[in-house]
Ligand SMILES: Cc1ncc(C[n+]2csc(CCOP(=O)(O)OP(=O)(O)O)c2C)c(N)n1
Ligand SMILES: Cc1ncc(C[n+]2csc(CCOP(=O)(O)OP(=O)(O)O)c2C)c(N)n1
Ligand SMILES: [Mg+2]
Ligand SMILES: [Mg+2]
């Protein structure tokens, strides 16, 4: 199914927003304004964008430590996100969570997650809720090539098959789990692993927004109709080091330069969409400007926002109710 | 490779010893003399026997809650085993472990294990030790069809491939994990799961001692030569309920009768070996009598043995050394 | 009032709450049992029979068997709770928490705080615990100190059938993640249990008996043993108060402190291992906040710092019994500065 | 004596023990880093650089990277230890214990007991712990109370570079499973560290300073904060003893009780959460065994019963600091019955 011009523009806006968000976070971190660690999604934009375009209201996702892109693709506001990362009271999580725990349940975003492999069980539950309550919703688990070796992933593949859950496992294979390559750490083949559970699984080019979207659309459709889970093994690229403090010396400078030049999903999208005459370069340029302005404001507001007041909020939000001491 | 007559007689003796041991444990349990739970191995004898015949001194195995058969196949003495199950001071573990924790490291038996999926990581370590120390030993992990859904199994399949470890995963598929059938709980195919990790894997008829042995011999040989891990998916039969208190109503009486009549690995072995003229029925019968006598004595001694004395041993064996209070 | 077993009380609570609220679902290994066989359906109704009969009433959409994958299905409970269900998930023995602690400790327990108060995770994790069944080291632990240590969890340890029912109903209706621990040696104990649904609030200790000479705080199966000890002591002229906190988190500090101050002598009995355990937790509370009223050392009665042994002779010696409790209470009551 | 960082002291201990004993192997995620890339080998040397340089010295057979599979490789350490290696295994953050606790709690810790004394499991599990790095709820926990609770484990929490080295060497030479916890905020702290290998024994508290008015027991990073508090107090005329237990299991009860009796006033400072934590554990010990000498309530200084927050303002308030410690010590020292 061909994406409409509006779809393409919306997809581009999402990808561009993620890229711009991450470059601003990177700059804030370099300037010492990010208190904790962040893991940047730059390079992988087509994955979150292509997948989440296939979702509708009520659908849910579980994310990872590298969650900003998933948040933005699910429609979270970049202002509070930036404030959260800067540890401010106006943040998405009031400054309590930080980069690795941004969540917005109302938007179906069940949280970034600091535990590798933390998400797969959660989507099984979200999908079970959808099934039990008959909402017709599906749940998507984003996780990395590193996370496929965590036992929770294997257990969840099996459980989702046994319970015929409306789940889509999206494995974003950026080739690295921290400083360890997937080539070393992942024995066999991720698609074959899923098929070992009898699960439909395909390999997808994560540099192609349309290919990602098409694969996601098919898997989401199957899940929504009661056809059970699927897995997408998406090859993608991580542009920055693993986290903001990673000097990333395990990949050569030449390799990284080549990656940026030739394996940038946003450049590919621009080329594809403009060369095919689907959208005009100026339209994309104007989106770029709008996104830059949006992020200017997000950063400005986040920097200006107050820190949370411990006297007021240190011990709130632990429980809904608690007849004991905190 | 054809098994010699001596091998066949030894195999038969092992299988018969296991069967007899389990029927004695069953009787002791029925009579209220087994303090805790036991999980009987009856019906699966060809698996432990066929696999462990392929091992040599220095090789190791990890076992499960259903461990008596593995212990006997590794050469543990039935006397102390029976005493252990009866909770006596003369037991293999001085009465501290019970049925689910019988171990004998000197015989390469790393322990029965009360945790489903507890064993797979342990064999990775035993195999790593063999590899690092250059002993040429291999390590076998026995586990059930239920255990394949535990995350530790998946992680260990991958780790053993990544580290090229001399490990053999033997999945004893008796069709049930407690009262839940493998048909329900195991999505996909166990052999395909292993292949998803790039691991050699075969399906094996667990009612055939020779087929089990042949498959094990091949896998052990490959492991010993540095060829890395393998998985054997062995179809077998559990004759008793899951544990001594299980009324086993989820399988019909007709089904169980048919199982005992037609799917008994010991009966099959007798038929195969005698019909092919490899051994004489009388030889087998005399083994039966010797085994019965052995077990008579084991039960007698175990019943007569003293309970462990708490004043002396309750707090020993926690640590090798401890400058603190127990 | 009708007499019911601890098991029946729990079963009734599950039936009533599932009937009352369609969002309540239950799952775990063999929670029905028999799936895929040609024999009886719901053959087990849970390894200890607590969920028996739910399948027939509420169907396989709300009563689900699982593979042996505790991380996946306990995490699924957390995810389902976030999205509007009220799952009651069972791990057969609390000892198995080792394979799935992350989903409890880092996920369910922390969602609300990490997400700035936006999440509710109304799940109940049920598990059996405790020694006495000759189940050896990996099937006999108490482990509630671990859960009690973790902020974001509530932890329930009922000691009798009536509390079991009321506390389980409260757990299911509660909007926070609750660890609900059932002592396997209590399942067959009998007590008065009202038929109707009712809640027993969290964080309210039960005053089991009152006496002026010494305050004994005990949990779970140890409550009964403390009562036994108190009868012995009474015959000797020592009157003991017994408090059963019922929930270790929240803990009813006020009631404990009140009676600690009244008697000035405190004994804490706990089946968990001693180091960083509940006995230490309660003793430390008293030592900080009721110090001025104390007339004697705060004594702890616990198992030793060892795993649970298998042999009956050893396991019996491992567990605190009425004699040891009475002896500690005597020492506390008679202590002279 | 040479000055070294906490990190360098640990690195030196690993180098020396690996050189001394071919059975010592080390593994974990990114323990070298760079496997499979076209850049630098041993690029990370562990997420915090503690294992840097081991690969070049001891080769990939003894210095192994792993997939992200903590259960498998922590369990592998246990299995390897049973079979004659002395593995040092790293889980980057102790918070990750949730995905692999079983292999520690039910396997490594219990082998010896369950097997009737036949097993030795000489493994070391290294992990970072602690708050202060703005790492939020899932990367900042202390969690040693959980390990301390479990019989069969030894638990080490060094507070300074010299102890870090001596305790790590002891851990590697020790025949029992050891949990070795490194506070991530201490890696860059500097202290005198002898060049030669040496062991710091387990179960021997360090007397950091002596003073007659109050005894402060503190662990890990809290030792430095207690020292800061003691300086403030000294200026006010209150002289504090500071004890650093160094290992929580075994715990040097004798030294703690000795000083508790001497001063009669005790404050316990702990970075772990308060419920069933180390502060409670130590306070309960004192309340039972030094009661007769106590002149004041035993005060605990800990974080609140909440997860670790992200924002610096909140995290700073979460952690006990010198001011809170000093205030507690003042209260204890001045308390009049
Ligand atoms: C259980 C657990 N183990 C280890 C880590 C440390 N860690 C954080 S991210 C990461 C790598 C994850 O790799 P991958 O899944 O490929 O995701 P990517 O970083 O490439 O997006 C590791 C090892 C963790 N957070 N949780
Ligand atoms: C982690 C864990 N979960 C659950 C159990 C309870 N349990 C004991 S045996 C068993 C079934 C195991 O099935 P399988 O692996 O097929 O072995 P079998 O009993 O058939 O030999 C279960 C669920 C356990 N011991 N450990
Ligand atoms: Mg990756
Ligand atoms: Mg089975």
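Residue numbers (the numbering used here), protein chains in the order written: chain A, 1 to 326; chain B, 1 to 326; chain C, 1 to 337; chain D, 1 to 337. Note that the Cβ used here is the ideal one computed from N, Cα and C, for glycine as well.
**Request:** Please report how far the alpha carbon of residue 307 of chain A lies from the alpha carbon of residue 95 of chain A, in whole angstroms.
**Result:** Translated into the one-based positions of the first chain, residue 307 of chain A becomes position 307. Translated into the one-based positions of the first chain, residue 95 of chain A becomes position 95. One C-alpha to the other measures close to 8 Å.
**Of the residues C:326, C:105, C:323 and C:309, the one placed nearest residue 133 of chain C, counting alpha carbons only** = For the purposes of this step, residue 133 of chain C is identified with residue 133 of the third chain, where counting begins at 1. Ranking the options by Cα distance to residue 133 of chain C, first place goes to C:309.
**Prompt:** Nearest to residue 316 of chain D by alpha carbon, out of D:171, D:157 and D:140?
**Reply:** What you label residue 316 of chain D is simply residue 316 of the fourth chain in a count that begins at 1. If we check each option's Cα against that of residue 316 of chain D, D:140 comes out closest.
**Item:** For residue 12 of chain C and residue 112 of chain A, the rounded distance between their alpha carbons
**Value:** Here the question's residue 112 of chain A lines up with position 112 in the first chain. Here the question's residue 12 of chain C lines up with position 12 in the third chain. Here the alpha carbons of residue 12 of chain C and residue 112 of chain A stand approximately 39 Å from one another.
**Prompt:** Is any heavy atom in ligand 3 found nearer than 8 Å to the beta carbon of residue 246 of chain A?
**Reply:** Working through the first chain from its first residue, we reach residue 246 of chain A at position 246. Residue 246 of chain A: no, Cβ never under 8 Å from ligand 3.
**Request:** Identify, in the order they occur along the chain, each residue of the same chain with its Cβ nearer than 6 Å to the Cβ of residue 55 of chain D, setting aside the five sequence neighbours on each side.
**Result:** Here the question's residue 55 of chain D lines up with position 55 in the fourth chain. Only 32, 42 and 63 meet the Cβ criterion.
**Message:** For ligand 2, is there any heavy atom lying closer than 8 Å to the beta carbon of residue 155 of chain A?
**Reply:** Mapped onto the first chain, residue 155 of chain A falls at position 155. Residue 155 of chain A: no, Cβ never under 8 Å from ligand 2.
**Request:** Mind checking the segment 312-324 of chain A against chain C and listing, in chain order, the residues whose C-beta falls within less than 8 Å of any C-beta there?
**Result:** Within the segment 312-324 of chain A, the residues whose Cβ lies closer than 8 Å to some Cβ of chain C are 316, 317, 318, 319, 320, 321, 322, 323 and 324, listed in chain order.
**Item:** Chain-order list of residues whose beta-carbon lies under 6 Å from that of residue 61 of chain D (same chain, five-residue window excluded)
**Value:** Translated into the one-based positions of the fourth chain, residue 61 of chain D becomes position 61. Contacts found: none.
**Prompt:** Are residue 115 of chain B and residue 96 of chain C touching if we call contact CB-CB under 9 Å?
**Reply:** Translated into the one-based positions of the second chain, residue 115 of chain B becomes position 115. Translated into the one-based positions of the third chain, residue 96 of chain C becomes position 96. In this structure, residue 96 of chain C lies closer than 9 Å to residue 115 of chain B by Cβ.
**Prompt:** Since residue 92 of chain C is in the beta strand (DSSP E), which residue starts that stretch and which ends it?
**Reply:** Translated into the one-based positions of the third chain, residue 92 of chain C becomes position 92. In the DSSP assignment, residue 92 of chain C falls within the unbroken beta strand (DSSP E) covering 86-93.
**Request:** Find the nearest neighbour of residue 127 of chain D within the set D:109, D:98 and D:149, judged by alpha-carbon distance.
**Result:** On the fourth chain, residue 127 of chain D is found 127 positions in, with the first residue counted as 1. Among D:109, D:98 and D:149, the Cα nearest to that of residue 127 of chain D belongs to D:98.
**Item:** Nearest neighbour of residue 86 of chain A, chosen from A:143, A:28, A:185 and A:142 [CA to CA]
**Value:** Residue 86 of chain A sits at position 86 when you count from the first residue of the first chain. When only C-alpha atoms are compared, the closest one is A:28.
**Request:** Please name the residue or residues paired with residue 176 of chain B in a DSSP beta bridge.
**Result:** Sequence index remark: in the second chain, residue 176 of chain B carries index 176 (1-based). DSSP lists B:181 as partners of residue 176 of chain B.
**Item:** Among A:318, A:326 and A:322, nearest to residue 110 of chain C - alpha-carbon criterion
**Value:** Counting from one through the third chain, the residue named residue 110 of chain C turns up at place 110. The residue among A:318, A:326 and A:322 with its C-alpha nearest the C-alpha of residue 110 of chain C is A:318.
**Prompt:** Given residue 218 of chain D, which residues of its chain have a CB within under 6 Å of its CB, disregarding the five upstream and five downstream residues?
**Reply:** As a working mapping, residue 218 of chain D is identified with position 218 in the fourth chain. 226 and 269, listed in sequence order.
**Request:** Could you tell me whether the segment 82-96 of chain C touches the segment 279-286 of chain C, using the rule of 3 or more Cβ pairs below 8 Å?
**Result:** Not touching, per the Cβ criterion.
**Asked** Which residue from A:59, A:299 and A:136 puts its Cα closest to that of residue 33 of chain A?
**Response** The residue given as residue 33 of chain A occupies position 33 in the first chain. Closest option to residue 33 of chain A, Cα to Cα, is A:299.
**Request:** Could you spell out the range, first to last residue, of the beta strand (DSSP E) harbouring residue 216 of chain D?
**Result:** Counting from one through the fourth chain, the residue named residue 216 of chain D turns up at place 216. If you look at residue 216 of chain D, you'll find it in the beta strand (DSSP E) that goes 214-218.
**Message:** Contact between the segment 227-241 of chain D and the segment 315-332 of chain D is defined here as three or more beta-carbon pairs at a separation below 8 Å; is this criterion met?
**Reply:** Contact holds: three or more Cβ-Cβ distances are below 8 Å.
**Message:** Am I right that residue 25 of chain B and residue 68 of chain B are in contact with their C-beta atoms under 8 Å? What's the rounded C-beta distance?
**Reply:** In the second chain, residue 25 of chain B corresponds to position 25, counting from 1. In the second chain, residue 68 of chain B corresponds to position 68, counting from 1. Between residue 25 of chain B and residue 68 of chain B the beta-carbon gap is near 7 Å, inside 8 Å, which marks them as a contact.
**Message:** So for residue 263 of chain D, helix, strand or coil by DSSP?
**Reply:** Your numbering for residue 263 of chain D matches position 263 in the fourth chain. Note: residue 263 of chain D maps to helix in three-state DSSP.
**Message:** Along the chain, where does the alpha helix (DSSP H) containing residue 313 of chain C start, and where does it finish?
**Reply:** As a first step, residue 313 of chain C is located in the third chain; it is residue number 313 there, counting from the start. Its alpha helix (DSSP H) spans residues 312-318.
**Request:** Kindly examine ligand 2 and report whether one of its heavy atoms sits closer than 8 Å to the Cβ of residue 114 of chain B.
**Result:** For this step, residue 114 of chain B is matched to residue 114 along the second chain. Yes; taking the cut-off as 8 Å, the Cβ of residue 114 of chain B has a heavy atom of ligand 2 nearer than that.
**Message:** Any residue with its Cβ nearer than 7 Å to a heavy atom of ligand 3 should be included. What is that list in chain order?
**Reply:** Output, sorted by chain position: A:144, A:145, A:146, A:172, A:173, A:174, A:175, A:176, A:177, A:182 and A:238.
**Prompt:** Going by alpha carbons, who is nearest to residue 65 of chain D out of D:122, D:91, D:158 and D:245?
**Reply:** As a first step, residue 65 of chain D is located in the fourth chain; it is residue number 65 there, counting from the start. With distances taken between Cα atoms, residue 65 of chain D lies closest to D:91.
**Message:** I'd like to know if the segment 75-89 of chain A and the segment 188-202 of chain A are in contact, where contact means that at least 3 CB-CB pairs between them fall below 8 Å.
**Reply:** They do not touch, by the three-pair rule.
**Item:** 9 Å Cβ cutoff, residue 23 of chain D in contact with chain B
**Value:** As a working note, residue 23 of chain D is residue 23 in the fourth chain. For residue 23 of chain D, the nearest beta carbon of chain B is closer than 9 Å to its own beta carbon.
**Message:** Taking 8 Å as the cut-off, does the segment 140-149 of chain B touch the segment 166-181 of chain B (at least 3 CB pairs, one atom from each stretch)?
**Reply:** Cβ pair count under 8 Å is three or more, so yes.
**Request:** Check each residue of the segment 140-169 of chain C: if its Cβ is closer than 7 Å to any Cβ of chain D, include it; give the result in chain order.
**Result:** Flagged, chain order: 145, 146, 148, 149, 151 and 152.
**Request:** Measure from the C-beta of residue 234 of chain A to each C-beta in chain G and report whether the shortest distance is under 9 Å.
**Result:** No chain G appears in this structure, whose protein chains are A, B, C and D.
**Prompt:** If you check the beta carbons only, do residue 173 of chain C and residue 17 of chain C fall under 9 Å apart?
**Reply:** Translated into the one-based positions of the third chain, residue 173 of chain C becomes position 173. Translated into the one-based positions of the third chain, residue 17 of chain C becomes position 17. Yes. Within cutoff.
**Request:** Quick one: list the residues of chain B neighbouring residue 90 of chain C, beta-carbon separation under 9 Å, in chain order.
**Result:** Looking up residue 90 of chain C in the third chain gives position 90. In chain order: nothing, as chain B lies at least about 13 Å away.
**Message:** I'd like to check one pair, residue 120 of chain C with residue 21 of chain C: are the Cβ atoms closer than 9 Å?
**Reply:** Indexing the third chain from 1 puts residue 21 of chain C at position 21. Indexing the third chain from 1 puts residue 120 of chain C at position 120. Residue 120 of chain C sits away from residue 21 of chain C, with the two beta carbons spaced by 9 Å or more.
**Message:** Any beta carbon of chain B sitting closer than 9 Å to that of residue 133 of chain C?
**Reply:** If you number the third chain from 1, residue 133 of chain C lands on position 133. The beta carbon of residue 133 of chain C sits closer than 9 Å to some beta carbon of chain B.
**Asked** For residue 83 of chain D, which of B:108, B:5 and B:215 has the nearest alpha-carbon?
**Response** Start at 1 with the first residue of the fourth chain, and residue 83 of chain D comes out as number 83. Checking every option, the nearest Cα to that of residue 83 of chain D belongs to B:108.
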